[in-house]
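Numbering (the working numbering), first residue to last: 1310 to 1531.
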């Protein structure tokens, strides 16, 4: 099978031929139809992701969507022909998803929704998991709360907006002017990303502050 390999930190991708992997216990072999490249993937390639190390040379890539080719005998939730998506590898020495086939842990996959394309499904796993952990697992967002998401038009931010809105929160987000329509189409209230925090709080919460602030950017605020 063909694979995209990075041999050194910051190095170019090189197309190579490598053996198709065999699924071990608890794993399934998936023919990849679409792969996603996240900002974390670029950090891993540059050797800068301290929390997501990947020894090089390696096949990179975290997210994918594809079709199950075969399953190990102890896997019961999937069968050949199933369309699936998830985070199939790309860290801790596991083969990534910028390749034709991946032998992925069945626990890291789920069935692809019929309403989504392979490309759409492949874009979901990392950003949605990140947004979910922040808003649901930690902040426990619920109806009636005011939520501010910084950079709501970005990958994680866009997922966070939809999660907060689905929980019936009142959602605000900082964006550049040219991306206002993207977040407003979801139902979020757009705020100029250069607006000072004090003004933002005064105007949008009557000085009381937001119940939850989800910062996808980090660093010093305006």
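Ideal Cβ positions, reconstructed from N, Cα and C, are used throughout, including at glycine.
Since we're looking at a predicted model, the values are computed, not measured.
Euclidean distance between Cα positions of residue 1273 and residue 1456: Limits of the chain in this structure are 1310 at one end and 1531 at the other, which puts residue 1273 out of reach.
Beta strand (DSSP E) runs contained entirely in the stretch 1414-1491, provided each spans 3 or more residues: Every beta strand (DSSP E) stretch that sits fully inside the stretch 1414-1491 and reaches 3 residues is listed by chain position as 1418-1420, 1455-1459, 1479-1484.
Cα-Cα separation, residue 1408 to residue 1393: Distance between the alpha carbons of residue 1408 and residue 1393 is about 16 Å.
Sequence-distant residues of the same chain with beta carbon closer than 7 Å to residue 1431, five excluded per side: Cβ neighbours of residue 1431 beyond the five flanking positions: 1343, 1344, 1345, 1372, 1373, 1374, 1394.
Proximity below 9 Å, CB of residue 1339 to CB of residue 1413: Residue 1413 sits close to residue 1339, with the two beta carbons spaced by under 9 Å.
Backbone CA spacing between residue 1446 and residue 1347 [nearest angstrom]: Approximately 22 Å between the Cα atoms of the pair.
DSSP-derived helix/strand/coil call for residue 1531: Note that residue 1531 has pLDDT 48, beneath the 50 cutoff, so the model's placement of it is unreliable and no number is given.
Any non-hydrogen atom of the ligand HEM closer than 8 Å to residue 1390 Cβ: As presented, the structure is devoid of all ligands, the ligand HEM included, so that no description of it is given.
Given residue 1332 as reference, the closest of 1411, 1310, 1419 once Cα atoms are compared: Cα-wise, what sits closest to residue 1332 is 1411.
Cβ-based neighbour list, residue 1417, same chain, cut-off 7 Å, excluding 5 preceding and 5 following: Residues of the same chain with a CB within less than 7 Å of the CB of residue 1417, apart from the 5 flanking positions on each side, are 1395, 1396, 1397 in chain order.
Close-in-space but distant-in-sequence residues of the same chain around residue 1327 (CB under 6 Å, 5 per side omitted): 1312.
Strand pairing of residue 1375, partner residues [DSSP]: Residue 1375 pairs with 1341, 1393.
C-alpha distance - residue 1426 paired with residue 1504, whole-angstrom precision: Residue 1426 and residue 1504: Cα-Cα distance of roughly 37 Å.
For residue 1438, the nearest candidate out of 1388, 1459, 1466 (CA to CA): Relative to residue 1438, the option among 1388, 1459, 1466 whose CA is nearest is 1466.
As assigned by DSSP and simplified to three states, the class of residue 1325: Residue 1325: strand per DSSP, three-state reduction.
Nearest neighbour of residue 1399, chosen from 1476, 1360, 1523 [CA to CA]: Closest option to residue 1399, Cα to Cα, is 1360.
As assigned by DSSP and simplified to three states, the class of residue 1313: Of the three classes helix, strand and coil, the one that applies to residue 1313 here is strand, per DSSP.
Host beta strand (DSSP E) of residue 1358 (start-end): Element bounds for residue 1358: n/a, residue is neither H nor E.
Closest Cα partner of residue 1443 within the set 1428, 1453, 1459: Residue 1443 has its Cα closest to that of 1459, out of 1428, 1453, 1459.
Terminal residues of the alpha helix (DSSP H) in which residue 1521 lies: Where residue 1521 is concerned, there is no enclosing alpha helix (DSSP H), although the beta strand (DSSP E) it sits in stretches over 1521-1524.
For residue 1484 and residue 1474, the rounded distance between their alpha carbons: Taking C-alpha positions only, residue 1474 is separated from residue 1484 by approximately 17 Å.
Contact under 9 Å by Cβ, residue 1368 with residue 1337: Against a cut-off of 9 Å, the Cβ pair of residue 1337 and residue 1368 comes out as no contact.
Minimum Cβ-Cβ distance from residue 1473 to chain C less than 9 Å: Absent here is chain C; the protein component of the structure consists of one chain.
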